[in-house]
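As structure tokens, then:
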């Protein structure tokens, strides 16, 4: 799975690099600007989305730490219960009084219930921790996906901007050529209107 992810990452990076090397081209400027605006808005949305994912992960990690701490406390208490249970069983072996044995047995049952409840609690915490960690990993994947898409969008935006500049420069060159062509027209008219041999017109 990791190898597949790394391959996907390499493909995205390579695609972005190749795309960044595409030279500027003539474009319809309003259309190109509209695409730039759309990509910029998409980037801003992904930044906001990533901020939400990061905030959620911060909360989840804090809760994971708290649950891990509670599990450690449960482990310590389970050790105490096991120690007390062993002590109670040892005492039970030397007690013949029915009332005392009944009290000891009641406490042993209580300890057993305590141990079961704590073990169940620990198991629930394990499941919650696993769910939290899965959500954190999912959010990280979404964050990385958005980062990659943002980089790709930025590459496209840079290309469109350079293409707009290229188109504007081409347009300026075209206007200059048209002006030069138009300036020749007056020269042509002047030449056509000249009549160096008026006698030929008789």
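Numbering (mature numbering (1 follows the signal peptide of the UniProt record, and there is no 0)), first residue to last: -20 to -1, 1 to 182. Idealized CB from N, CA, C, for every residue including glycine. All of these numbers come straight from a predicted model, not from anything done at the bench.
For residue i, count neighbouring C-beta atoms within 10 Å of its own C-beta (all shown protein chains included) and say buried if the count is 16 or more, exposed if not.
{"i": "residue 33", "result": "buried"}
{"i": "residue 145", "result": "exposed"}
{"i": "residue 26", "result": "buried"}
{"i": "residue 171", "result": "exposed"}
{"i": "residue 124", "result": "exposed"}
{"i": "residue 126", "result": "buried"}
According to DSSP, is residue i helix, strand or coil?
{"i": "residue 6", "result": "coil"}
{"i": "residue 74", "result": "coil"}
{"i": "residue 175", "result": "coil"}
{"i": "residue -10", "result": "The predicted model places residue -10 with a pLDDT of 49, which falls under 50 and marks its position as unreliable, so this point remains unresolved."}
Going by the beta-carbon positions, is the gap between residue i and residue j smaller than 9 Å?
{"i": "residue 105", "j": "residue 38", "result": "no"}
{"i": "residue 136", "j": "residue 40", "result": "no"}
{"i": "residue 142", "j": "residue 4", "result": "yes"}
{"i": "residue 130", "j": "residue 36", "result": "no"}
{"i": "residue 108", "j": "residue 43", "result": "yes"}
{"i": "residue 23", "j": "residue 119", "result": "no"}
{"i": "residue 29", "j": "residue 122", "result": "yes"}
{"i": "residue 72", "j": "residue 91", "result": "no"}
{"i": "residue 147", "j": "residue 14", "result": "no"}
{"i": "residue 111", "j": "residue 61", "result": "no"}
Between residue i and the rest of its own chain, which residues show a CB-CB distance below 6 Å, the 5 nearest in sequence each way excluded?
{"i": "residue 102", "result": "51 and 54"}
Is any heavy atom of the ligand NAP found at a distance shorter than 8 Å from the C-beta of residue i?
{"i": "residue 84", "result": "As for the ligand NAP, it is missing from this structure, which has no ligand bound."}
Within the same chain, show all residues whose beta-carbon is closer than 7 Å to that of residue i, passing over the 5 residues directly before and after it, in chain order.
{"i": "residue 12", "result": "140, 143 and 144"}
{"i": "residue 75", "result": "81 and 84"}
**Study point:** Segments of 4+ residues assigned as alpha helix (DSSP H) that fall wholly inside the region 97 to 150
**Key:** Whole alpha helix (DSSP H) segments, 4+ residues: zero.
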